[in-house]
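Shown next, in structure tokens, is the structure this report addresses.
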Amino acid sequence: MTDAGWDDLKLFLHVATEGGLSGAASRTGLSAPTIGRRMLALERTTGRTLFARSPQGYRLAPDGEILLEHARAMQRAADGIADWKGQAFAMPIVSIGADAWLSGFIAEHTADIRGQDDRFRLCCKSLHKGMDFTYREADVGLVGRRPESGNIAIRRSVSVTHAVYKASALAEEDDLRWVSLGTESSHAPADKWVFQHQEARIRTWTNSPELLAHLIASGNGRGVLPCFVGDALSGLVREGGIIPELTYTIWIVANDDDRHRPEVRHVIEKLGQLFGRERKRFAGERAQTGSSGLAH
């Protein structure tokens, strides 16, 4: 059996499955006489009678049934190896991690980051608690604080501003309660601002940043939002000006080893260009209408 080649065993599988030489010939493109000679050679190599031959075809002998199970197991293993090998040539993945607000913005603008001809897969991650680049939670991260350590590459981007918003239908009302993120879901300074300054007047809160704007827009009270989110919702109006202490800079961060990958370098460049074009929106210098990047 040691000299039985995998090619002969694959041919044996075809003969056993098709029940004869003609069926195996149509599957493999080899002639029936050639296949017959190779099956005889396989029997000599294994020292076993594998087929009971008759005018009706090739019927498996008892030893042929045993070999068939072994050959099927070998085929499954070969298929698994082929799949594993093929994965090495699959399109690479680039993951972008950001907080709930920025990940919504990225989801709206994937066409600005990856074109139809770009050969990579994109994963958008919402990581509101922040990112650990030691464990590479994302290939490219958008963070609000400049990392001070780690083997990472850093690019400074735009400033993000915040303001108080309320439903436009309540624009004339002064005595409004507040809407906030719950303390267990508050990680950035803007998340904590309402609890720190208006805790006694909070009437509604949520553990989901994505729901905060919806709660404000539906008239539950006033709340703090990034200007690029609040200004994009037609049902909201600002109350007062920008809150200076909540302004922060977006840093585009990647592991220093990964940033040399062509697809990662491409994403970093496209993100920089996208934020540059939308600089005024993030700075709160203009109001925009349209989708907000929130789930509806």
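Counting from 1, position 268 in the sequence shown corresponds to residue 537 in our numbering; the numbering is continuous, with no gaps. Ideal Cβ positions, reconstructed from N, Cα and C, are used throughout, including at glycine.
CA-CA distance, residue i and residue j?
{"i": "residue 440", "j": "residue 489", "result": "13 angstroms"}
{"i": "residue 553", "j": "residue 388", "result": "35 angstroms"}
{"i": "residue 451", "j": "residue 434", "result": "18 angstroms"}
{"i": "residue 475", "j": "residue 340", "result": "59 angstroms"}
{"i": "residue 380", "j": "residue 540", "result": "11 angstroms"}
{"i": "residue 300", "j": "residue 355", "result": "31 angstroms"}
{"i": "residue 466", "j": "residue 352", "result": "57 angstroms"}
{"i": "residue 421", "j": "residue 522", "result": "7 angstroms"}
{"i": "residue 415", "j": "residue 347", "result": "48 angstroms"}
{"i": "residue 306", "j": "residue 528", "result": "57 angstroms"}
{"i": "residue 303", "j": "residue 342", "result": "25 angstroms"}
{"i": "residue 331", "j": "residue 530", "result": "55 angstroms"}
{"i": "residue 511", "j": "residue 551", "result": "11 angstroms"}
{"i": "residue 426", "j": "residue 517", "result": "10 angstroms"}
{"i": "residue 458", "j": "residue 365", "result": "22 angstroms"}
{"i": "residue 449", "j": "residue 501", "result": "19 angstroms"}
{"i": "residue 335", "j": "residue 312", "result": "13 angstroms"}
Provide the residue span of the beta strand (DSSP E) that contains residue i, from first to last.
{"i": "residue 432", "result": "431-436"}
{"i": "residue 320", "result": "320-323"}
{"i": "residue 543", "result": "Note, residue 543: premise wrong, no beta strand (DSSP E); alpha helix (DSSP H) at 531-546."}
{"i": "residue 450", "result": "447-450"}
{"i": "residue 328", "result": "326-329"}
{"i": "residue 405", "result": "Element bounds for residue 405: n/a, residue is neither H nor E."}
{"i": "residue 470", "result": "Here residue 470 belongs to no beta strand (DSSP E), and DSSP marks it neither H nor E."}
Tell me which residue opens and which closes the alpha helix (DSSP H) that residue i is part of.
{"i": "residue 255", "result": "Absent from the structure is residue 255, since the part of the chain shown begins at 270 and ends at 565."}
{"i": "residue 418", "result": "Here residue 418 belongs to no alpha helix (DSSP H), and DSSP marks it neither H nor E."}
{"i": "residue 253", "result": "Residue 253 lies beyond the stretch modelled for the chain, which goes from 270 to 565, so this question has no answer here."}
{"i": "residue 304", "result": "301-315"}
{"i": "residue 282", "result": "275-287"}
Quick one: grab the DSSP three-state call for residue i.
{"i": "residue 554", "result": "coil"}
{"i": "residue 495", "result": "strand"}
{"i": "residue 459", "result": "helix"}
{"i": "residue 503", "result": "coil"}
{"i": "residue 426", "result": "strand"}
{"i": "residue 350", "result": "helix"}
{"i": "residue 514", "result": "helix"}
{"i": "residue 441", "result": "coil"}
{"i": "residue 490", "result": "coil"}
{"i": "residue 509", "result": "strand"}
{"i": "residue 519", "result": "strand"}
{"i": "residue 375", "result": "helix"}
Spell out the partners DSSP gives residue i in its beta bridges.
{"i": "residue 395", "result": "367"}
{"i": "residue 524", "result": "421"}
{"i": "residue 382", "result": "Paired residues: none, contrary to the question."}
{"i": "residue 390", "result": "362"}
{"i": "residue 337", "result": "According to DSSP, which records beta bridges pairwise, residue 337 is partnered with nothing at all."}
For residue i, does the count of other Cβ atoms within 10 angstroms reach 16, so buried, or fall short, so exposed?
{"i": "residue 447", "result": "buried"}
{"i": "residue 491", "result": "buried"}
{"i": "residue 487", "result": "exposed"}
{"i": "residue 289", "result": "buried"}
{"i": "residue 400", "result": "buried"}
{"i": "residue 561", "result": "Any answer about residue 561 is weak, because its pLDDT of 41 lies below 50 and its placement is not dependable; what the coordinates show is given next. Buried, by the Cβ-count rule."}
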